[in-house]
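Undergrad: Taking our numbering, the leading residue of the sequence shown gets 3, the next gets one more, and so forth.
Every residue gets a Cβ at the ideal spot worked out from N, C-alpha and C, and that includes glycine.
I have a structure here, written as structure tokens, and I will follow up with some questions on it.
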Amino acid sequence: MIHGGTLVDPTGTRPGDVLIQDGVIVSAGNRVESAPAGTVVLDAGGCVVAPGLVDLHTHLREPGREEAETVETGSRAAALGGYTAVVAMPNTEPAIDSAAVVRQVLELGRDALCDVAVAGSITVGREGTRLAPLAEMAALGVKLFTDDGSGVQDARLMRRALEYASSLGVTLAQHCEDSSLAAGGHMHEGEWSSRLGIPGQPAEAEELMVMRDLALCRLTGTPVHFLHLSTARSVAMVRGAKASGLPVTAEATPHHLCLTDACVAGYDTVFKVNPPLRSAEDAAAIRAGLADGTIDAIATDHAPHAKEAKEAPFDQAPPGMIGLETALGVALSELDLPIERVVALLSWKPAAIAGLAEHGRPITAGIPANLCVIDPEMEWTVDPARMASRSRNTPFAGRTLRGRVRHTVLAGEPVVVNGQAQR
Ligand code: NCD
Ligand code: ZN
């Protein structure tokens, strides 16, 4: 039983307890005076009880980069962050570009502390030249495909991929970056890159591909999901496209909504990420896009990198930041939105994009108990040494955030209790 909280779900907000049996919710919304003997009671006093969070963009690094993260450590970080499901990105080694690798990652995720869904790559080896066997991956339940880490550069190939995806009923997700324009850039191109002497990549490198994919979406009538949007003009283009009826969705990361290129001033590689941290105006546009629904979801782009890799000079270090354990706290602290809206951006809206039917559901009898309990007032300081992720590359180290996960329940199992992972 989850006792004493306020239920927040797509149907609204109401006080109530939740009774769970055999992984399934058996009652929700009433105060339970006496639970059956032997019931495990999780205290939700002062807390919001919500559908578990869903991350559209998690790099779990398995197979091939286990020194940075594994399915086990990444899913533990996810559970601590309130997630009951994550979508594992396919830029692994080898890439997730066949049924065999999809099976391997699904198998690794079977006993994980959150559900692990898989995104397949659009092209073989993410090389951008030949279409991957999307059908055999879709047959295993893969619903999202992306070459994330890079964008599909060839417009004709992307058009064919969209037509293929349409026939399979799956969604293509694009990492929008024109590689010829971004080449050689290690941060956002602007005043800070000039001052620091670090070659930049212009906002237009992202915007050109957003523009092109909006055109291809119109041409094919097939949905496109935009990963980690970072510029004001990208948001404006997606806003216009939605107004004209195009079937597009978009996500933004916690770091792009509150950090800027000024963070790079100390040459600390923890602030190196793709797309790069942009200007303060861009970050404000991301927040506005989240507030008005132009951006559908917050996705972490949790991108763990080993200490040794991040210790390289700025131009040689790999881009990426971890985010699973801080996303909710950052969103609650930095967005001027009521908690209901923040939870929507982190739970049921991404669940719908990922096609995860067992997550982000209204909290009612009969549905799988995938839930998180959030203390919205709890203040805590981000300490990388105490994180569950195998990597420590968080840009929020030392920050005080307001809002923290108290419990996470996965298919009825309390996997996080009082902020502690249970296995
Ligand atoms: C990601 C990674 O490290 O895999 N890096 C990043 O800077 N975001 C790749 C990606 O999401 O583009
Ligand atoms: Zn990406």
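Examine the ligand NCD and report whether any of its heavy atoms sits within less than 7 Å of the Cβ of A305.
TA: Counting from one through the sequence shown, the residue named residue 305 turns up at place 303. Yes.
Undergrad: Can you tell me which residues form a DSSP beta bridge with H304?
TA: Position 302 of the sequence shown holds residue 304. H304 is bridged to T60 and M323.
Undergrad: Got a sec? Which residues, its chain only, sit under 7 Å from L82 by beta carbon, not counting five neighbours each side?
TA: Here residue 82 is taken as the residue at index 80 of the sequence shown, counted from 1. Only E327, A390, V407, V418 and A423 meet the Cβ criterion.
Undergrad: First and last residue of the beta strand (DSSP E) that includes Y85?
TA: Numbered from 1 along the sequence shown, position 83 holds the residue referred to as residue 85. From DSSP, the beta strand (DSSP E) with Y85 extends over Y85 to A90.
Undergrad: Could you give the C-beta distance for P278 and Q203, rounded to a whole number, given that I count them as a contact under 8 Å?
TA: Numbered from 1 along the sequence shown, position 276 holds the residue referred to as residue 278. Numbered from 1 along the sequence shown, position 201 holds the residue referred to as residue 203. Their Cβ separation, rounded to whole angstroms, is 6 Å, which keeps P278 and Q203 in contact under 8 Å.
Undergrad: Quick one: is Q23 buried, meaning 16 or more other Cβ sit within 10 Å of its Cβ, or exposed?
TA: As a position in the sequence shown, residue 23 is number 21, starting the count at 1. Its Cβ having fewer than 16 others within 10 Å, Q23 is exposed.
Undergrad: Let's test the definition: count the other Cβ atoms within 10 Å of the Cβ of P306 and tell me whether it reaches 16, buried, or not, exposed.
TA: Taking the first residue of the sequence shown as 1, we reach residue 306 at position 304. Its Cβ being crowded by 16 or more others within 10 Å, P306 is buried.
Undergrad: Between which two residues does the beta strand (DSSP E) holding M380 run?
TA: For the purposes of this step, residue 380 is identified with residue 378 of the sequence shown, where counting begins at 1. Its beta strand (DSSP E) spans residues L373 to T383.
Undergrad: Spell out a yes or no on whether the segment 282-301 and the segment 232-252 are touching, meaning 3 or more CB-CB pairs, one atom from each, closer than 8 Å.
TA: The segment 282-301 vs the segment 232-252: in contact.
Undergrad: Does the segment 245-254 come within contact of the segment 178-192, defined as at least 3 CB pairs closer than 8 Å?
TA: Segments in contact, no.
Undergrad: Under 6 Å Cβ to Cβ from G291, same chain only, skipping five residues before and after it: list those, please.
TA: As a position in the sequence shown, residue 291 is number 289, starting the count at 1. Hits under 6 Å: V237 and I297.
Undergrad: State yes or no: is the C-beta of V120 within less than 8 Å of the C-beta of V144?
TA: Against the sequence shown, residue 120 aligns to sequence position 118. Against the sequence shown, residue 144 aligns to sequence position 142. Yes; because the gap between Cβ atoms is below 8 Å, this pair is in contact.
Undergrad: Please go through the same chain and pick out, in chain order, the residues whose beta-carbon is closer than 7 Å to the beta-carbon of S335, but skip the five residues on each side of it.
TA: Counting from one through the sequence shown, the residue named residue 335 turns up at place 333. L403, R404 and G405, listed in sequence order.
Undergrad: Is any heavy atom in the ligand ZN found nearer than 7 Å to the beta carbon of G325?
TA: Looking up residue 325 in the sequence shown gives position 323. The answer is no for G325.
Undergrad: Within its chain, find whatever has a CB closer than 8 Å to the CB of L133; leave out the 5 residues flanking it on each side and keep chain order.
TA: Along the sequence shown, one-based indexing puts residue 133 at 131. Answer for L133: I124, T125, V126, L159, R162, A163 and Y166, listed in chain order.
Undergrad: Along the chain, where does the beta strand (DSSP E) that runs through Q23 open and close?
TA: For the purposes of this step, residue 23 is taken as the residue at position 21 of the sequence shown. Here the beta strand (DSSP E) through Q23 covers G14 to Q23.
Undergrad: With a threshold of 7 Å on Cβ separation, who are the neighbours of I70 within its own chain once the five nearest residues in sequence on each side are excluded?
TA: For the purposes of this step, residue 70 is taken as residue 68 along the sequence shown, with counting starting at 1. The sequence given here places Ala at residue 70; Ile does not occur at that position. Only R63, P306, H307, A308, R392 and S393 meet the Cβ criterion.
Undergrad: Are there three or more Cβ pairs, one per stretch, closer than 8 Å when the segment 170-186 is compared with the segment 381-389?
TA: No, they do not touch.
Undergrad: Counting only runs that start and end within the segment 117-162, where is the alpha helix (DSSP H) found for 4 or more residues in a row?
TA: List check, alpha helix (DSSP H) in window: 136-140.
Undergrad: Grab me the residues of R260's own chain with a C-beta within less than 7 Å of its C-beta, minus the 5 sequence neighbours each way, in chain order.
TA: The residue labelled residue 260 in the question sits at position 258 within the sequence shown. Checking the sequence, you will find Cys at residue 260 rather than Arg. Same-chain partners within the cutoff: A285, V332 and E336.
Undergrad: Please confirm whether any heavy atom of the ligand ZN lies closer than 7 Å to the CB of G122.
TA: Here residue 122 refers to the residue found at position 120 of the sequence shown. The answer is no for G122.
Undergrad: Please classify S182 as buried or exposed, where buried requires at least 16 neighbouring CB atoms within 10 angstroms.
TA: By one-based count along the sequence shown, residue 182 stands at place 180. Exposed, since its Cβ has fewer than 16 Cβ neighbours within 10 Å.
Undergrad: Alpha carbon to alpha carbon, how far is V50 from V73? Give it in angstroms, no decimals.
TA: Position 71 of the sequence shown holds residue 73. Position 48 of the sequence shown holds residue 50. Each residue's Cα considered, the two are about 28 Å apart.
Undergrad: For V240 and T251, what's the separation of their Cα atoms in angstroms?
TA: Here residue 240 refers to the residue found at position 238 of the sequence shown. Here residue 251 refers to the residue found at position 249 of the sequence shown. Cα to Cα, V240 sits roughly 8 Å from T251.
Undergrad: State the Cα-Cα distance for the pair E138 and P38, rounded to the nearest angstrom.
TA: Sequence index remark: in the sequence shown, residue 138 carries index 136 (1-based). Sequence index remark: in the sequence shown, residue 38 carries index 36 (1-based). Taking the straight line joining both Cα atoms gives about 46 Å.
Undergrad: Tell me the rounded alpha-carbon separation between G31 and P17.
TA: For the purposes of this step, residue 31 is identified with residue 29 of the sequence shown, where counting begins at 1. For the purposes of this step, residue 17 is identified with residue 15 of the sequence shown, where counting begins at 1. Each residue's alpha carbon lies about 6 Å from the other.
Undergrad: Residues in the same chain with beta-carbon distance under 7 Å from P364, minus the five sequence neighbours each way, listed in chain order, please.
TA: By 1-based counting over the sequence shown, the position of residue 364 is 362. Cβ neighbours of P364 beyond the five flanking positions: D11, P12 and T13.
Undergrad: Output needed for A299: all residues of its chain with C-beta closer than 7 Å, excluding positions within five of it in sequence on either side, in chain order.
TA: As a first step, residue 299 must be located in the sequence shown, where it is residue number 297. The answer, listed in chain order, is L58, E253, L347, K351, P352 and I355.
Undergrad: Starting from E253 and walking both ways along the beta strand (DSSP E), at which residues does that stretch end?
TA: The residue given as residue 253 occupies position 251 in the sequence shown. Here the beta strand (DSSP E) through E253 covers V250 to A254.
Undergrad: According to DSSP, is M211 helix, strand or coil?
TA: As a working mapping, residue 211 is identified with position 209 in the sequence shown. Helix at M211.
Undergrad: When the Cα of E68 is compared with those of G421, M3 and N93, which residue comes out closest?
TA: Taking the sequence shown and counting its residues from 1, one reaches residue 68 at position 66. It is N93 whose Cα lies nearest to the Cα of E68.
Undergrad: For V56 versus Y85, is the C-beta distance shorter than 8 Å?
TA: Within the sequence shown, the letter at position 54 stands for residue 56. Within the sequence shown, the letter at position 83 stands for residue 85. Taking 8 Å as the Cβ cut-off, V56 and Y85 qualify as a contacting pair.
Undergrad: Tell me, to the nearest whole angstrom, how far the beta carbon of V26 is from that of G368; I am working on the premise that it is less than 8 Å.
TA: Numbered from its first residue, the sequence shown carries residue 26 at position 24. Numbered from its first residue, the sequence shown carries residue 368 at position 366. Their Cβ separation, rounded to whole angstroms, is 7 Å, which keeps V26 and G368 in contact under 8 Å.
Undergrad: Helix or strand or just coil, what does DSSP make of S29?
TA: Taking the first residue of the sequence shown as 1, we reach residue 29 at position 27. The answer is strand: DSSP assigns S29 an E or B state.
Undergrad: Please determine whether the Cβ atom of N395 lies at a distance below 7 Å from any heavy atom of the ligand NCD.
TA: If you number the sequence shown from 1, residue 395 lands on position 393. Checking every heavy atom of the ligand NCD against the Cβ of N395, none is found closer than 7 Å.
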